[in-house]
Each structure stands twice: as C-alpha cells, then as structure tokens.
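This report refers to the structure that appears directly beneath it.
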Amino acid sequence: MQYVGSELERLALKNTDINHADLLGRSAFNRYYYAAFLITRETLGFMQSNWIGTAHAEIPNLLEKGLRKPAKAALRKQVSSGLLDKGNESRLLTELNATGSELSQLLRQAYDARILADYEPEVKTKKDGGVIYLRTHKLTTASQWPNQAERQCAKLKRIWKEIGLA
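Numbering follows my numbering, in which position 18 of the sequence shown is assigned residue number 313; successive positions increment by one, without gaps.
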C-alpha cells in the first residue's frame with residue numbers, strides 16, 4: 296500500500312493535467328491511510344482476535360478506551376500475586392494509554408483525509424512547492440502515516456507482551 300501511495304504521489308506531482316493530478320493525489324492519500332489502517336488492524340488482531348474486525352471509525356475509540364480493561368485486569372492479577380509492583384503496573388498502563396492515544400490521533404487525522412479524498416471531490420488537491428495538499432493535509436505528512444503506525448503498533452505489541460496478554 297505504501298509503495299502504491301508513493302508512486303501515485305510521484306505521478307500526481309509530475310502530471311500537468313490538474314484533474315488527473317487531483318485524482319492521483321486523492322488516491323495517494325487513500326493508499327497511505329489504508330496502509331496505516333491495515334498495520335493497525337493486524338496489531339489489534341494480534342492483541343485480541345475479535346478486534347481485527349473493528350470498523351474503521353471505531354478503531355481510535357478502541358485504542359483510547361478499549362485496551363485498558365483487559366490490561367488493567369491482567370496487571371491487577373500480577374500485582375495481587377506479587378509478580379509485579381504498583382510502580383511497574385502504573386508505568387505499563389501509562390505507556391499503553393499514551394501509545395494508544397498517539398496512534399488514535401494519527402488514525403483520526405488519516406481517516407479525515409481519506410474521507411475528504413473519497414467523498415468530497417469538490418475539495419480539490421493543490422500543489423505548492425512540490426507538496427500536494429488536500430485542505431490542511433499534506434501528502435508528504437500522509438506518506439509518513441504507515442511508518443508512524445508501524446512504530447506505535449510495535450510499542451503496543453511490546454507493552455501487551457510485557458503485560459502478559461500475548
């Protein structure tokens with residue numbers, strides 16, 4: 296997906312027909328969003344199998360609120376059995392909340408751009424100094440979404456394993 300996004304971006308920047316460049320740019324935003332989404336979906340499935348089917352718009356809420364319940368329960372058991380102290384319990388919950396929140400914000404921003412790209416064709420992309428914009432979204436920023444999602448998902452997996460849920 297990320298490769299396709301970068302090729303579409305390259306073609307959009309080269310294309311002199313503004314309508315074709317707009318279509319290519321929109322499609323690049325879409326591919327970058329889906330790359331980040333698929334990375335996140337795979338991670339959620341690793342964390343808990345029933346989370347893999349979570350709807351696009353619900354994933355940010357799951358990342359902000361849904362991860363806590365199973366994590367708190369597992370950590371509470373570890374603390375009560377003496378396997379973990381309160382300090383490490385707090386550290387892990389804080390890391391989980393911060394990472395989930397960062398990934399949630401990234402996906403909300405990416406989803407907003409994807410909705411513009413897919414459902415608001417009257418909002419045209421613009422080229423400015425080798426950068427394609429869709430309203431306030433930059434395609435150069437969008438190209439980083441998959442890598443950012445990958446980093447945040449790697450953190451989530453590490454935390455989930457450390458909690459003992461994987």
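The C-beta atom is built at its ideal place from N, Cα and C for all residues, glycine as well.
As the structure is a prediction and not an experimental result, all values here were calculated from the model.
Among the options, which has the Cα closest to the Cα of residue i?
i	options	result
L434	G340, Q447, A393 and T420	T420
R446	L398, S438 and I347	L398
F324	G300, A307 and R336	G300
R363	L379, M342, L378 and I347	M342
K367	E353, L391, I313 and L308	L391
E353	G424, R403 and K450	R403
A461	T311, G340 and K422	G340
K452	L306, I334 and A307	I334
D317	P416, S344, A369 and T349	P416
C448	P365, H315, F332 and S344	F332
H277	I313, A408 and K450	For residue 277 there is no data in the structure shown, the boundaries of the chain being 296 and 461.
For residue i and residue j, I'd like the C-alpha separation in whole angstroms.
i	j	result
S385	I458	11 Å
S438	I410	16 Å
R326	K381	42 Å
T267	T436	Since the first and last residues shown for the chain are 296 and 461, residue 267 lies out of range.
K242	L378	With the chain covering only 296 through 461, there is no way to say anything about residue 242.
T349	R336	8 Å
K456	H351	25 Å
R305	G425	10 Å
A444	I313	31 Å
I427	T338	30 Å
K422	H315	13 Å
A307	N383	49 Å
S344	V418	38 Å
Using a Cβ-Cβ cutoff of less than 6 Å, which residues in the same chain neighbour residue i once the five nearest sequence positions on both sides are dropped?
i	result
A330	M296, Q297 and P441
A355	One point to set straight first is that residue 355 is Pro, not Ala, in the sequence displayed. Only S399, L402 and R403 meet the Cβ criterion.
A369	I458, G459 and L460
Under the assumption that residue i contacts residue j (Cβ atoms under 8 Å), give the Cβ distance between them as a whole number of angstroms.
i	j	result
L429	G320	7 Å
Y328	Y414	Not quite, the Cβ-Cβ distance comes to about 13 Å (not below 8 Å), so this is no contact.
Which same chain residues end up closer than 7 Å to residue i when comparing Cβ atoms and leaving out the 5 residues on each side of it in sequence?
i	result
S322	L303
I454	L387, E390, L391 and T394
A412	R321, F324, N325 and L429
K450	T394
W346	L339, G340 and L357
By Cβ distance, which residues of its chain are closer than 8 Å to residue i, with the 5 residues on each side in sequence left out?
i	result
P365	Q343 and L460
Item checked: Touch test, the stretch 345-362 against the stretch 383-396, Cβ-Cβ under 8 Å, three pairs minimum -> Put simply, the stretch 345-362 touches the stretch 383-396. At least three CB pairs are less than 8 Å apart.
Check: For the stretch 369-377 against the stretch 296-311, are there 3 or more C-beta pairs whose distance is under 8 Å?
Finding: no
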